[in-house]
Amino acid sequence: MDITSYQPKRIRVFEHQVLRLGAVIDGVVFSKNHLRALAKFNEQHQGKFFQLLHRAVKFKHYVGAIQIGHLTIEILPKIDRFQTRNFDFLQGVLLDMLRYCKLIKIESLSDANLSLKKNSILKLYFEVFLKALESLLRKGLIKKYRQKTANVKSLKGRLIFAPHLEKNYLRKDRFFTAHSVYDSNHLINQILFAALDVLSQILVNPSLSERVRKLRSYFPEMDKIRINAAHFDRIKWDRSTVDYRNAIELARLITLNYSPDIRMGKHHLLAILFDMNLVFEEYIYRQLARLAKVADARLRVTRQVRSTFWQRRKLQADLLVEYQGEHYILDTKWKILKSGGPQIEDLKQIFIYNQHFQARHGMLIYP
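Here it is as structure tokens:
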């Protein structure tokens, strides 16, 4: 395929929007295979990200991008009740929030916006991962000691008698041993290679596919493992591995959100999605924390403040601001106000927070 002629297939929607089977958006058809892939992914994640309807899917408050075969579905935040339709603007809003919350590390926001004009935020994550991996490979992959059991020609390490007797009863030139090996075939590099393997299955962009192919060829032979969340918990960070953190976090997103299509083979699914409630809360917190750091030492900002309310049940306020001995409770609400004022349920909640945390004032913060 000619790289210059490649045109991605993309459908753009809003959070909470319904996408129906057969819908044609910007010349792209949402097909039965696309819906089937989403249904499988939804089942694997207990309906966390969207709701299945009759011949349709309704997205929840998660934003980001989902790639199904050659199609990318981009879910953008809804920031006003007038339903702003400028998708490039909304994409920039989301990217700015993700960057500010350290959920994506990019050197230049303007460069990122340029790369996004014809592509999705998913492609940007792929590019950041590949760039991080290219940097690591230029430095050389780290090596570690690991235990290896094998039937070898010379006695080294510890002889394991049972399998040695079984395998080498008639072979005096072999020894079944457990011995230490110092090489690159360890968990961190295995995770990175597994992420490359996923991208080799999901990518349809020719330029990115070529970069993935080259990077895979630079890796030494790796044990293939089926990645799960427990593998990331086993990583021990030290001075030799600190440079791998960004690449490993991106590899986590790629490997744990991949749903291969075993039956059909053409509609593998990969999703990178973010809970807008948490993104909005993190964004407001970081803004206030920055203000406290540069403006006034008497200003303190604490997030996720919890306190026992009744029979071990706890109240949790999003943000607690302390200024000159006074407490102020802030509660972020990622929702669009349909009328000119807040909902009564939100007012009741902030009133209870004020009473319980002995705050002077409470604030409800909407987008």
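Taken in order, the sequence shown gives residues 671 to 1037; the numbers are from my numbering. Where is the CB? At the ideal position from N, CA and C, for every residue including glycine.
In this structure, Lys-728 lies near Leu-689, with their beta-carbon atoms less than 9 Å apart. For Ser-929, the number of other beta carbons within 10 angstroms of its own is at least 16, and it is reported as buried. Counting C-beta pairs with one atom in each stretch, the segment 938-950 and the segment 1000-1019 have three or more that are closer than 8 Å, which means they touch. Between the alpha carbons of Val-882 and Asn-756 lies a distance of about 33 Å. Pro-890 counts as exposed, since fewer than 16 other beta carbons sit within 10 angstroms of its beta carbon. DSSP, read as helix, strand or coil, puts His-901 in helix. Within its own chain, the residues whose Cβ lies closer than 6 Å to the Cβ of Thr-972, once the five positions on either side in sequence are excluded, are Leu-990, listed in chain order.
Looking only at Arg-896, Ile-954 and Arg-915, the smallest Cα-Cα distance to Asn-927 is reached by Arg-896. The three-state reading of DSSP puts Ala-820 in strand, counting E and B together. Below 8 Å, enough C-beta pairs join the segment 733-741 and the segment 789-800 to call them touching: three or more. Beta-carbon to beta-carbon, Tyr-732 and Tyr-953 are separated by about 16 Å, too far to satisfy the 8 Å threshold.
Per DSSP, the beta-bridge partners of His-997 are Glu-992.
Boundaries of the beta strand (DSSP E) around Tyr-732: 732-738. Here Ala-707 is buried, its C-beta having at least 16 other C-beta atoms within 10 Å. Counting along the chain, Ala-941 sits inside the beta strand (DSSP E) bounded by residues 939-945. With respect to the 9 Å criterion, Leu-869 and Phe-799 are classified as neighbours on the basis of their beta carbons.
Of the candidates Asn-898, Lys-823 and Leu-885, the residue whose Cα lies closest to the Cα of Leu-857 is Asn-898.
For the segment 864-921, the full-length alpha helix (DSSP H) segments reaching 4 residues or more read 876-888 and 899-903 along the chain.
Per the coordinates, the alpha-carbon of Arg-956 lies some 10 Å from the alpha-carbon of Lys-772. Taking the Cα positions, Asp-931 is about 5 Å away from His-938.
Per the DSSP secondary-structure output, Ser-929 pairs in a beta bridge with Leu-939. Listed in chain order, the non-local C-beta contacts of Leu-920 below 7 Å within the same chain comprise Tyr-795, Val-798, Phe-799 and Ala-802, local neighbours out to five positions each way being set aside. Residue state for Glu-804 is assigned as helix, using DSSP reduced to three classes. Rounded to whole angstroms, the gap between the alpha carbons of Lys-809 and Asp-908 is 17 Å. Comparing C-alpha distances from Tyr-993 to each of Ser-1009, Gln-1025, Leu-958 and Tyr-1023 shows the shortest one belongs to Leu-958. By the neighbour-count criterion, in which 16 or more other beta carbons inside 10 Å mark a residue as buried, Thr-819 falls on the exposed side. Here Thr-925 really is in contact with Ala-865; their C-beta atoms are around 5 Å apart, less than 8 Å.
Each residue's CA atom was taken as its position, placing Thr-742 and Asp-696 some 12 Å apart.
At a Cβ-Cβ threshold of 9 Å, Arg-844 and Asp-867 do not count as neighbours. For Arg-706, the enclosing alpha helix (DSSP H) stretches over residues 702-714. For Gly-1010 and Gln-1019, the gap between their C-alpha atoms comes out near 18 Å. Cβ-Cβ distances below 7 Å link Pro-747 to Glu-685, Val-733, Leu-760, Val-763, Leu-764 and Met-946 in the same chain, with the five nearest sequence neighbours on each side left out; the list follows chain order.
Ala-726 sits close to Leu-691, with the two beta carbons spaced by under 9 Å. Cβ-Cβ distances below 6 Å link Ala-941 to Ile-736 and Asn-927 in the same chain, with the five nearest sequence neighbours on each side left out; the list follows chain order.
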